[in-house]
Each structure stands twice: as structure tokens, then as C-alpha cells.
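Chemist: Numbering (our numbering), first residue to last: 1 to 258.
Each residue gets a CB set at the ideal place from its N, CA and C atoms; glycine is no exception.
Dumping the structure here so I can ask a few things about it.
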């Protein structure tokens, strides 16, 4: 038992270190992206890209952070108690989908103010804004799943894939493969989409872990009868419970932006 605890502590330390490196590297690559953009675009075009990213960042941090925290907290808690995580995943997906639909409707209703006043009349930047926010909704869902499942190495990989994809568009313009403001701005929407390439690895790891857990459970059941599961441990995770938590976090995120 002591060896298992020590091994788990070492593994956690390694993955926490990888996560720190991933976050730091992602921040550095984001700085490189904007540094390159400032050199390859004129002041007006660069300023519009900065406004675009600022709008995307504030929106996703406010709108989708609640579900990320809901997933990370609930999955970690239920896995520690040996409870299934399917219901929390479905509840979180329902909430995230509702938020995405609400944003999409608001963005379409406010298209002219957003496009003409915020983005200087650029239709391309408007659609990049809308698509990027929706793509980040999926990315934040994946982040919550990875954090709650303690897949910190994959979480770091997601952040690195995202920032690498974003900076690659600025590099492409810098070396002459592409040109113009739109090419640079496309990195903002491509980043969350390409970062999702790490998600299949998480589900493959989860399937392998479930297979090992099933094998251990079968072995234990042969050695001793299975204990009855208390009703509290079989409790369902409802949409009302998840929605209340997400709403509380959403209010906190909104208040931080005010």
C-alpha cells in the first residue's frame, strides 16, 4: 500500500511538472504569436487582431469556464468515490451546448454592432470571432474532462497544441506562405480546433484504465463477495445540480469582468 501511495505521489509530481511546463510554453508561444503579428501587419490591422483576440478571450473565459470547473470538480470527486462519470459528462455537455447556442444567437442578433463597431466592418473577423468562441467551447469541455480525470500531461499537450497551431499561422505569413490580416487571425480559430487532436488519446487511456479496473474488480469478486453499494454512492448527478454550480461560477466570472 505504501509503495502504491509513493508511486502515485511521484506520478502526480511528474504530471504536475509537465502541466507547469505546458502552461508556461503556451504563454510564451502566445507572446510570439502577437510579436510576429505586430511585425508583419501594419498598426491598424494588428490592432484589429488584438481587439479580436481580446473579445474572444473575455467571452470564452466568462462563458465556458463554469463548465470546465464543473467537469474538473465533479469528475475528480466521483472517480475518487468510485462513481460513474457518464451522467456528469452528459449534464455538462447539455449546459455547454445551451451556452453555445445562446452565444450563437446573441452573436447573430448583434452582428452589425460587432462587425461594424468592434471589428471595423470586417466580415472575415466577425466570422472568426463567432467560430473561435464556439470552438473554444469544445476545447474548454475537453480541458475540464482532462483536469478532472487527472490527465495533466494531456491537458498540457492540449494547451501546447493550441498555442502552436495559433503561432504557426503567424509564422506562415512571416515566411511568405500566406499573407494578410485574415491569415494571421485564422490562427485564433484554428488553435482550439487543432488542439482537440489530443482528446482521442484521453479516451484511449480511459478505456485502458476501465479495462484494468474491470479486471481487478473481477479478481476481487472471485476472492470475496461484493459489498452492497450505499444509496448515497449511487446518487444521480442532475441537470439542476450542475446548472446551479455553473450559474454560480458564471456570475463570478461576469463580476470579474465588470
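Near residue 60, what residues of its chain come up, given a Cβ to Cβ distance below 7 Å and the 5 sequence neighbours on each side ignored?
Modeler: 133, 136, 140
Chemist: Between residue 128 and residue 188, what straight-line distance do the alpha-carbon atoms span, to the nearest angstrom?
Modeler: 8 Å
Chemist: Within the same chain, show all residues whose beta-carbon is closer than 7 Å to that of residue 159, passing over the 5 residues directly before and after it, in chain order.
Modeler: Result list for residue 159: 22, 23, 26, in chain order.
Chemist: If we count the other Cβ atoms within 10 Å of its Cβ and call it buried at 16 or more, is residue 148 buried or exposed?
Modeler: buried
Chemist: Buried or exposed, going by whether 16 or more other CB atoms sit within 10 Å of the CB of residue 255?
Modeler: exposed
Chemist: Compare the Cα-Cα distances from residue 238 to each of 74, 109, 32, 46 and report the closest residue.
Modeler: When C-alpha distances from residue 238 are compared across 74, 109, 32, 46, the shortest belongs to 74.
Chemist: By DSSP, does residue 84 sit in helix, in strand, or in coil?
Modeler: coil
Chemist: Restricting to Cα atoms, I'd like to know which of 65, 248, 156 is closest to residue 138.
Modeler: It is 65.
Chemist: Taking the continuous alpha helix (DSSP H) assigned at residue 181, which residues delimit it?
Modeler: 181-195
Chemist: So, under 8 Å CB-CB, residue 161 and residue 194 are touching, yes? Tell me the CB distance rounded to an integer number of Å.
Modeler: 6 Å
Chemist: Which of helix, strand or coil does DSSP assign to residue 45?
Modeler: helix
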